[in-house]
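For reference, the structure is listed below as structure tokens.
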Amino acid sequence: MGAPGQLTPRRTPTRTVMADATAATLSWPRLALLVASRAYRASLLVLVAVALAPLVLGWSSYAVRTGSMEPSIAVGDIVVAQPLPEDTPPDIGRVMVFENPAADDGQLLVHRVIADLDDGTYTTAGDANPLPDTTPVPRDAFEARGVLLAPYAGLPLAWLQNGELLAFALWLSLTIAAFVLASDPSRPRRRHKRRRPLAVAAAIGVSLTLVLAATAAVATFTGTTSTGSNSWTVGHFRQPYVSAVLADRPYLLHLLDEEQGTWAADSSGNGRTGRFTSIGAHRTPGGLPNNHGYSVHLGTAGRVVSDTPAIGAPDTFTLEVWFRTTTTRGGPLMGFESSRDARSGTNDRQLAMTPSGRLVYGAWDAPTVKTIQSARSYNDGRWHHAVLVANNQGSHQVSTVYVDGAPVASDSTSRTSYYTGWWRIGAGTLSGPGTSVAAGFDGHVDNAAVYLSPLSGARVAAHYAAR
Numbered sequence: 001m002g003a004p005g006q007l008t009p010r011r012t013p014t015r016t017v018m019a020d021a022t023a024a025t026l027s028w029p030r031l032a033l034l035v036a037s038r039a040y041r042a043s044l045l046v047l048v049a050v051a052l053a054p055l056v057l058g059w060s061s062y063a064v065r066t067g068s069m070e071p072s073i074a075v076g077d078i079v080v081a082q083p084l085p086e087d088t089p090p091d092i093g094r095v096m097v098f099e100n101p102a103a104d105d106g107q108l109l110v111h112r113v114i115a116d117l118d119d120g121t122y123t124t125a126g127d128a129n130p131l132p133d134t135t136p137v138p139r140d141a142f143e144a145r146g147v148l149l150a151p152y153a154g155l156p157l158a159w160l161q162n163g164e165l166l167a168f169a170l171w172l173s174l175t176i177a178a179f180v181l182a183s184d185p186s187r188p189r190r191r192h193k194r195r196r197p198l199a200v201a202a203a204i205g206v207s208l209t210l211v212l213a214a215t216a217a218v219a220t221f222t223g224t225t226s227t228g229s230n231s232w233t234v235g236h237f238r239q240p241y242v243s244a245v246l247a248d249r250p251y252l253l254h255l256l257d258e259e260q261g262t263w264a265a266d267s268s269g270n271g272r273t274g275r276f277t278s279i280g281a282h283r284t285p286g287g288l289p290n291n292h293g294y295s296v297h298l299g300t301a302g303r304v305v306s307d308t309p310a311i312g313a314p315d316t317f318t319l320e321v322w323f324r325t326t327t328t329r330g331g332p333l334m335g336f337e338s339s340r341d342a343r344s345g346t347n348d349r350q351l352a353m354t355p356s357g358r359l360v361y362g363a364w365d366a367p368t369v370k371t372i373q374s375a376r377s378y379n380d381g382r383w384h385h386a387v388l389v390a391n392n393q394g395s396h397q398v399s400t401v402y403v404d405g406a407p408v409a410s411d412s413t414s415r416t417s418y419y420t421g422w423w424r425i426g427a428g429t430l431s432g433p434g435t436s437v438a439a440g441f442d443g444h445v446d447n448a449a450v451y452l453s454p455l456s457g458a459r460v461a462a463h464y465a466a467r
């Protein structure tokens with residue numbers, strides 16, 4: 001203790017002085033390296049958590065080592081999949097994990113389901129493959145559905161499986177170095193040296209965990225390819241267009257991918273199956289360039305009509321369909337009628353094409369007939385995206401026709417009637433003052449949807465952009 005009246009200097013602990021000195025002398029390059037190492041370590045720990053978490057939930061992780069699903073799912077990505085309940089059918093357009101029907105050794109495929117067939121089997125395809133898988137997949141072969149994608153997380157395992165040992169060794173060395181560098185540089189040098197073996201052991205342990213978490217799945221995973229992403233995502237497990245449509249909750253959605261038969265599946269999830277009648281041809285080339293699928297050729301009398309009980313005609317709704325035609329006879333594209341026959345006693349809410357190829361809405365028998373019509377023709381043999389949005393305004397409707405994502409006609413239109421009936425695609429009734437005749441649409445149609453709400457212009461454009 002000092003003399004009376006004098007203050008005794010407070011001693012600063014040696015460790016604190018050393019920490020301050022270390023922080024003060026830490027250069028910018030070293031600081032940047034420290035931050036990068038810790039960020040890498042944190043990312044790797046997250047990948048380990050994602051690889052292990054499915055095991056707790058009863059899910060599975062599948063590391064991809066082929067390119068048959070690129071660009072949606074790349075080599076080295078990990079697909080986290082949820083077991084598919086026995087009473088749940090595979091979703092059309094969704095990425096599924098299933099046993100390869102063309103092999104007898106239990107191989108698993110991670111491909112997209114693109115169609116269900118009348119015999120209860122399904123057609124699948126890799127996004128990168130020009131043709132679908134040749135062997136239909138039975139329902140009991142499906143094991144799980146993709147729910148989460150972890151980009152690059154399976155690369156180390158893919159390197160090992162594919163014999164790329166140099167790449168794996170470089171990655172492991174980088175990981176060990178990152179864990180060592182990420183340790184606290186402010187600690188005394190001797191203690192820091194004692195921590196290095198722990199950092200090395202942790203790096204090796206984390207790396208092995210990441211590799212082993214999906215080993216069983218990768219050992220049985222295969223794919224057929226003829227030819228990434230850097231964020232966690234669930235969006236790639238459905239085709240982009242289907243995802244955009246389902247986001248707006250359609251009343252029904254017919255992808256029209258069926259190989260043959262009577263029934264058109266409803267991919268909205270609402271179970272509103274359609275019935276094919278007098279179809280010209282199934283499985284003609286589809287209309288969406290970046291979404292694998294097919295269309296149907298309606299021919300002169302083909303139609304798809306809801307096979308549900310009759311419903312009340314809605315006042316506000318949206319119709320959506322892709323079409324391609326060169327017809328000079330025109331005809332109905334989509335509409336609502338009082339029967340499921342070739343011709344009905346009552347019909348309206350119909351989007352049709354004129355003989356000149358223009359799209360028209362409102363051309364039905366009403367006290368005051370008021371139509372809207374596109375300025376140009378679309379019977380040019382190209383695929384077009386048509387959307388009709390109708391808003392009830394009491395005594396009339398305010399309606400807008402969109403083509404290829406943009407509005408082409410908008411105004412008030414003929415008043416609709418209330419009755420019970422069915423939605424249909426293709427052939428139906430063309431009516432006007434004192435006339436009513438059966439007519440068909442001689443063209444191809446694809447991805448038809450009905451909504452019981454008005455889509456905004458932004459959503460219509462988003463659907464078209466997802467093509």
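Using UniProt numbering, the first residue of the sequence shown is number 1, and each one after it goes up by one.
Beta carbons are placed, not taken as given, at the ideal position from N, Cα and C, and that holds for glycine.
Requested in this report: Would you check if the segment 287-297 and the segment 309-320 touch, i.e. whether three or more CB-CB distances between them fall below 8 Å?
Outcome: Flag = no, the segment 309-320 and the segment 287-297 do not touch.
Report task. Check residue 222 in the structure and name its three-state DSSP category. Result -> Low local confidence applies: a pLDDT of 34 at residue 222 is under 50, so the model's placement there is unreliable, and no value is given.
Requested in this report: In the DSSP assignment, find the unbroken beta strand (DSSP E) run with residue 137 in it and report its ends.
Outcome: In the DSSP assignment, residue 137 falls outside any beta strand (DSSP E) and carries neither an H nor an E.
Query raised in the report: What's the C-alpha gap between residue 140 and residue 463?
Result: Distance between residue 140 and residue 463, taken at the CA atoms: about 33 Å.
Query raised in the report: Hey, how far is the Cα of residue 303 from the Cα of residue 426?
Result: Distance between the alpha carbons of residue 303 and residue 426 is about 5 Å.
Query raised in the report: So what does residue 472 bridge to, in DSSP terms?
Result: No answer is possible for residue 472: it lies beyond the span of the chain, which begins at 1 and ends at 467.
Query raised in the report: Distance, Cα to Cα, residue 57 vs residue 31?
Result: A straight-line Cα-Cα distance of about 39 Å links residue 57 and residue 31.
Requested in this report: Hey, could you find the ends of the beta strand (DSSP E) residue 330 is sitting in?
Outcome: From DSSP, residue 330 is part of no beta strand (DSSP E); its letter is neither H nor E.
Query - Sub-7 Å separation of residue 113 and residue 94 beta-carbons - result: With respect to residue 94, residue 113 sits close: the two C-beta atoms are nearer than 7 Å.
Report task. Flag this pair as yes or no: are the beta carbons of residue 128 and residue 97 separated by less than 7 Å? Result -> No; because the gap between Cβ atoms is not below 7 Å, this pair is not in contact.
Query raised in the report: In the DSSP assignment, what are the bridge partners of residue 373?
Result: When DSSP reads this structure, residue 373 sits in a beta bridge with 360.
**Report entry** Close beta carbons around residue 457, own chain, < 7 Å, minus the five adjacent residues each side
**Finding:** Apart from sequence neighbours up to five positions away, the residues of its chain that approach residue 457 with a beta-carbon distance below 7 Å are 407, ordered along the chain.
Query raised in the report: Roughly how many whole angstroms lie between the Cα atoms of residue 175 and residue 41?
Result: Each residue's Cα considered, the two are about 8 Å apart.
Report task. Consult DSSP for residue 175 and reduce its assignment to one of helix, strand or coil. Result -> If DSSP states are grouped into helix, strand and coil, residue 175 belongs with the helices.
Query raised in the report: Among 44, 246, 465, 284, which has the Cα closest to the Cα of residue 266?
Result: Checking every option, the nearest Cα to that of residue 266 belongs to 246.
Requested in this report: Using the Cα positions of residue 286 and residue 260, report the straight-line distance between them to the nearest angstrom.
Outcome: Roughly 15 Å separates the two Cα atoms.
Query raised in the report: In three-state terms, what does DSSP make of residue 188?
Result: Confidence at residue 188 is low in this model, with a pLDDT of 49, below 50, so the placement of that residue should be treated as unreliable; the coordinate-derived value is given next. In the displayed model, residue 188 falls within coil according to three-state DSSP, outside both helix and strand.
Query raised in the report: For residue 167, which of helix, strand or coil comes out of DSSP?
Result: In this structure, residue 167 counts as helix in the three-state DSSP scheme.
Query raised in the report: DSSP on residue 155, reduced to helix/strand/coil?
Result: The three-state secondary structure of residue 155, taken from DSSP, is helix.
Requested in this report: Please name the residue in 451, 367, 29, 467 whose C-alpha comes closest to that of residue 253.
Outcome: Between residue 253 and the set 451, 367, 29, 467, the nearest pair of CA atoms involves 451.
Report task. Mind checking which residues open and close the beta strand (DSSP E) that includes residue 64? Result -> Premise fails: residue 64 is in no beta strand (DSSP E) and is neither H nor E.
Query raised in the report: For residue 289, which of helix, strand or coil comes out of DSSP?
Result: Coil, per DSSP.
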